[in-house]
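Okay, structure first, notes after.
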Amino acid sequence: MSDIAAARVPPAPIAAPERGFTQLAYQLNDYPGPTKTALFGIQHVLVMFTAMVGGPLIVARLLNLSPAVRIEMVTGTMIGCGIATMISALGLGFIGPRLPIVMGVFYIFIGPIVAISKDVSLAAAMTALMIGGLVQFAWSPLIGKMQRFFPAIVTGTTILLIGTGLMKIGINVATGLNTPGFGTPLTLGLATLMIVLIIILSVYAKGFIRTLSLFVTMVIGYLTSAALGLLNFQTVADASWVAVPNPLPYGGLQWPGLIGVVTVIVCFFATAVETTGHTLAVCRITGVPGEDWRVRGAVSNDGLGSVISALFGGMALTSYSQNIGVISLTGVGSRFVVAAGGAFLIVMAMIPKVGAIIALMPSAVLGGVLLFMFGMVASVGLDIIGKNLKSRRDALIVASSLAVGLGIQAAPPAAFDAIAPALRILVTDGIVMGILLAMFLNIVLPRDVEVKPAPAH
C-alpha cells in the first residue's frame, strides 16, 4: 500500500486515553453539535489569538511598516492559520494529522524575516518562507518516521520542555510587558483573577460550563476590563467590515539569497521537531496510536500552511502547544471543534471588526490564561514522564534534556554570539535543543545503563 493510500485508511478504533488527570468529555471523532462545536472552537481561538497576531505585529514594528502593510501581514497570517488548522483537524488527502491541533505563528522566524527584509525586501522574505515551506512539505515523509525516536519518556520530556519554556512568555503577557499598565496592581490583579476563575470553574463547575471554563473566564475578564474603562472601542469602530486578502501583497517572488534560504530551512527543521512532539502528545491525550502517517501529515501541514500564509503576506506556521493545555483542562478532544476554530479564524480575517473586538482583550486577561495553559502543558509532560520513568537511563534523559533546554533559555543572548547566525537560531532555542538531546540520548544510551549513586557521607 502506498504512503498516500495508507494515510487515507480510516484510523483504528480509538483506545481509551492514558489514565491520568486528563478525562475527555468529547473524544477525537465526537461531534458535540453545532452550538457547542462553535463555542468550543472560539475558545481555542481566544487562547491563541494574541500569540498568533503578535508575531506579525512584532515584525511590522521592527521593520517600521505602514498600517496598511501591517494589516496585510496580520490578515495573511490569520488566513493561513485558519486554513491550516482546518486541514490539521479534518485532513486533506495525506496532509494533516486529523487531530485537534491548532496552527499558529512560530516566533523563531521573526529574526530571518526581519534580516531578509532589510537586506533584500519583504517580498524576498515571503519567498524564503514559501521555499522553506515547500522543503518542509517535501521532507515530511522522512520526518514522519521520527516518531520511533519519541518513546514515551522523550515525548514527556518534550512536552515538559515546551510548557516550562513558554512560561516566560506567559508571565510577560500577564504582567503587561511593553504596555502602559506593565506591573501595575490592576494588571497583576486581573491576571490573578483569571487564574483563580479557571481553578474555580475547573473544580466546581459541571458539564457544559466546565468544558467552557476558559471561554467563560476570558469573557468575564473582558467584561470586567470594559467596566473598568480599560478598553478603547474606537479601534473597532475604525475597522472595516470586509477585507479581501491579496496574494503576493508586497510584490512578486524575489530571490532572498542563499544564506536567507538556509536560515529559514533551519528554522523549519526546528518546527518539525516541535511538531513531532506536539503530535505524539495529542495522540496520547486523545488515545490514538502515534503512527507515522499522523506525524507526516502534521509536518506536511506545517509546510503547506506556511506557503499559504506567506502567499498572502503572513508568517510561517507550526502547531501550537497551547491547545494541548486546552484539551487537558476542558476535556474536549474533538477534532471537529478545532476545525470550527479554524473556520472562525478565516471569518475574522475576512471581517476585521470581529478580529478588532477580540484584539481588545487586555494583556493581563490573556496572560493569566496563557500562564495557566503553559502550566497545564507542563503537567501533561510530567504525567507522561511519571508513568514511564522506569530506570536510571530514563532519568538521565530527562535530567540532561531539562538542564540543557532550560539552561539555554536562561543564558544571556551574548553567550552564543560566536556561533554562525544560521545555526545560532537553532542553538539558542532551548526547547528544540533539549528535544534533540533527548532524542540523541535515547538512541545512544544502552538500555541497561545504570548510574551508581554517590556514596553517602
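Going by the numbering used here, the letters in the sequence shown line up with residues 1 to 457, in that order.
Even glycine gets a Cβ: it sits at the ideal position worked out from N, Cα and C.
Original post:
On the premise that residue 372 lies in contact with residue 198, defined as a C-beta separation below 8 Å, what is that separation, rounded to the nearest angstrom?
Top reply: 5 Å
Original post:
Would you report the Cα separation of residue 187 and residue 145, rounded to the nearest angstrom?
Top reply: If I take the Cα positions, the gap works out to 46 Å.
Original post:
Is the stretch 89-107 close to the stretch 282-297, with three or more CB pairs under 8 Å?
Top reply: Result yes; three or more Cβ-Cβ pairs closer than 8 Å.
Subject >> Pairwise C-alpha distance: residue 424 and residue 417 >> reply: 8 Å
**OP:** Take residue 51 as the anchor and find which of 105, 337 and 77 has the nearest alpha-carbon.
**Re:** A check of alpha carbon separations from residue 51 across 105, 337 and 77 identifies 105 as the nearest.
Subject >> residue 447 burial status per 10 Å Cβ neighbour count (16 or more: buried) >> reply: exposed
Subject >> DSSP three-state assignment for residue 103, whether helix, strand or coil >> reply: strand
**OP:** Please determine, among 125, 95, 86 and 368, the residue with the shortest C-alpha to C-alpha distance to residue 59.
**Re:** 125
Subject >> Cross-strand partners of residue 95 (DSSP beta bridge) >> reply: DSSP lists 92 as partners of residue 95.
Subject >> Runs of alpha helix (DSSP H) wholly within the stretch 147-234 (minimum 4 residues, chain order) >> reply: At a cut-off of 4 residues, the continuous stretches assigned as alpha helix (DSSP H) that sit fully inside the stretch 147-234 are 152-174, 185-204, 207-211 and 213-227.
Original post:
So is residue 442 buried or exposed if we call it buried at 16+ other beta carbons inside 10 Å?
Top reply: Buried, by the Cβ-count rule.
Subject >> Own chain partners of residue 41 with C-beta closer than 6 Å, once the 5 adjacent residues on each side are dropped >> reply: 337, 340, 341 and 344
**OP:** Give the single residue among 334, 366, 319 and 305 whose Cα lies nearest to the Cα of residue 92.
**Re:** Considering only 334, 366, 319 and 305, the residue with the shortest C-alpha distance to residue 92 is 305.
Subject >> CA-to-CA distance, residue 86 to residue 318, given in whole angstroms >> reply: 13 Å
**OP:** Taking residue 130 as the reference, give the member of 253, 406, 270 and 381 with the closest Cα.
**Re:** 253
Original post:
Can you tell me where the beta strand (DSSP E) with residue 317 in it begins and where it stops?
Top reply: Run containing residue 317: 317-319, per the beta strand (DSSP E) assignment.
Subject >> Where residue 332 falls: helix, strand or coil (DSSP) >> reply: strand
Original post:
Can you find at least 3 beta carbon pairs, one from the stretch 74-85 and one from the stretch 361-372, that sit closer than 8 Å?
Top reply: They do not touch, by the three-pair rule.
**OP:** Measure the alpha-carbon distance for residue 25 versus residue 290 and round it to whole angstroms.
**Re:** 21 Å
**OP:** Would you kindly work out how many angstroms separate the C-alpha atoms of residue 355 and residue 235, rounded to a whole number?
**Re:** Spanning the two alpha carbons is a distance of roughly 10 Å.
**OP:** Can you say whether residue 255 is buried or exposed, counting buried as having 16 or more other CB atoms within 10 angstroms of its CB?
**Re:** exposed
Subject >> Neighbour-count burial assignment, residue 312, 16 or more Cβ in a 10 Å radius >> reply: Looking at its Cβ environment, which holds 16 or more other Cβ atoms inside 10 Å, residue 312 is buried.
Original post:
Exposed or buried, residue 136, counting other C-beta atoms within 10 Å across all chains shown (16 or more means buried)?
Top reply: buried
Subject >> DSSP beta-bridge partners of residue 26 >> reply: 332
**OP:** Go ahead and pull the three-state DSSP assignment for residue 438.
**Re:** helix
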